[in-house]
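Numbering (the numbering used here), first residue to last: 1 to 305.
The beta carbon of each residue, even a glycine, is placed where N, CA and C say it ideally should be.
To start, the structure itself, in structure tokens.
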């Protein structure tokens with residue numbers, strides 16, 4: 001019995017030893033908690049442990065963070081692409097509206113110039129719109145939206161806000177065909193505004209050039225001289241700008257000089273022109289008969305008893 005009794009005493013001592021250890025650990029834990037709560041002595045230890053465990057935290061959180069970053073990036077990229085596409089569409093629409101506004105602004109300026117030019121003219125005029133331009137490089141002609149129904153006739157002069165454009169060569173009921181003064185088969189009688197020298201300006205086939213082939217070497221003409229329609233031939237009314245001299249080159253041994261002028265009208269940019277009825281509204285023709293009639297009436301009244 002002694003053996004079992006001894007064994008039983010050993011188990012008792014071991015059980016007491018484990019209980020004592022647990023009690024001691026519990027007391028120590030409580031003491032540490034109280035001390036840490038009051039004086040924070042364990043903060044350096046916690047910070048050290050936190051620093052040591054930080055890589056482990058990053059490694060554990062890496063899959064979740066990577067997935068979240070990828071999802072957000074793709075969502076933001078899709079939103080940016082959609083916004084970029086929307087802004088591009090809006091920019092295209094805005095550019096289209098701006099172009100339309102610019103076209104309307106230019107058209108308004110052209111019409112204002114035509115109206116101001118019409119106010120300066122003494123002849124009756126009518127605005128005509130250019131419908132189509134001949135694409136043949138050797139022919140400089142275009143079609144207008146005015147015809148015989150509007151009173152247009154073959155040979156009628158055309159003007160723009162700056163000067164002589166050309167004349168009508170064919171007239172239909174509602175449309176007409178016109179030739180530019182720079183057409184190779186066209187000629188305009190002109191006069192040098194400064195010196196009064198008369199000559200003929202021929203077309204060259206180039207919308208920016210006129211040639212004066214019959215100007216003598218000794219003629220009084222200089223670069224910058226303004227050429228006006230002389231009225232000879234009865235086609236173009238007198239006094240309208242035709243061009244300006246840009247080159248004068250004497251040719252020794254030849255009868256005539258080489259003189260080049262540029263048209264006064266914007267032949268390659270016009271969209272509207274003026275049809276001119278020369279002499280219809282001239283003031284001198286209308287006022288002279290009235291003055292004569294008034295004088296005759298006053299004489300008749302004075303002769304009555």
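Query	Result
Flag this pair as yes or no: are the beta carbons of residue 264 and residue 242 separated by less than 8 Å?	yes
To which residues of the same chain is residue 147 closer than 7 Å at the C-beta, ignoring the five residues directly before and after it?	171, 172, 173, 174, 175 and 176
Look up residue 277 in the DSSP assignment and give the residues it is bridged to.	124
With DSSP as the reference, label residue 91 as helix, strand or coil.	helix
By DSSP, does residue 79 sit in helix, in strand, or in coil?	helix
Taking one C-beta from the segment 206 to 221 and one from the segment 144 to 164 each time, how about it: are there three or more such pairs within less than 8 Å?	no
Compare the Cα-Cα distances from residue 188 to each of 206, 238 and 218 and report the closest residue.	238
Does the segment 193 to 213 touch the segment 248 to 263, meaning 3 or more C-beta pairs lie closer than 8 Å?	yes
Nearest-angstrom Cα distance between residue 52 and residue 59?	13 Å
Can you tell me where the beta strand (DSSP E) with residue 262 in it begins and where it stops?	258 to 263
Taking the continuous beta strand (DSSP E) assigned at residue 203, which residues delimit it?	198 to 203
With a threshold of 8 Å on Cβ separation, who are the neighbours of residue 19 within its own chain once the five nearest residues in sequence on each side are excluded?	none
Is there contact between the segment 189 to 196 and the segment 265 to 273, where contact requires at least three CB pairs shorter than 8 Å?	no
Less than 6 Å between C-beta atoms, sequence neighbours within five positions excluded: which residues of the same chain meet that for residue 133?	142
Any idea what DSSP makes of residue 229, helix, strand or coil?	strand
Out of 145, 124 and 137, which one is the CA nearest neighbour of residue 130?	145
With DSSP collapsed to three states, give me the class of residue 173.	coil
Answer yes or no: do residue 200 and residue 228 have a C-beta to C-beta separation smaller than 8 Å?	no
In the structure shown, what three-state DSSP assignment does residue 84 receive?	helix
Spatial neighbours of residue 180 within its chain, please: C-beta separation below 6 Å, excluding the five flanking residues on both sides.	140, 166 and 267
May I ask you to check if the CB of residue 155 is nearer than 7 Å to at least one heavy atom of the ligand HEM?	Because no ligand of any kind appears in the structure shown, any question about the ligand HEM cannot be addressed here.
According to the neighbour-count rule (16 or more other Cβ atoms, all chains shown, within 10 Å of its Cβ), is residue 17 buried or exposed?	exposed
I need the DSSP call for residue 243, collapsed to helix, strand or coil.	strand
Are there 16 or more other CB atoms within 10 angstroms of the CB of residue 34, so buried, or fewer, so exposed?	exposed
Verify whether the separation of the beta carbon atoms of residue 245 and residue 225 is less than 8 Å.	yes
Could you pull out every residue in the same chain whose Cβ sits closer than 8 Å to the Cβ of residue 249, ignoring the five residues on either side in sequence?	257, 258 and 259
So, at 8 Å on beta carbons, what are the nonlocal neighbours of residue 76 in its own chain, with the 5 sequence-adjacent residues on each side left out?	none
Use the C-beta contact count for residue 86: other C-beta atoms within 10 angstroms, 16 or more gives buried, fewer gives exposed.	exposed
Quick one: give me the first and last residue of the beta strand (DSSP E) that residue 142 is part of.	141 to 144
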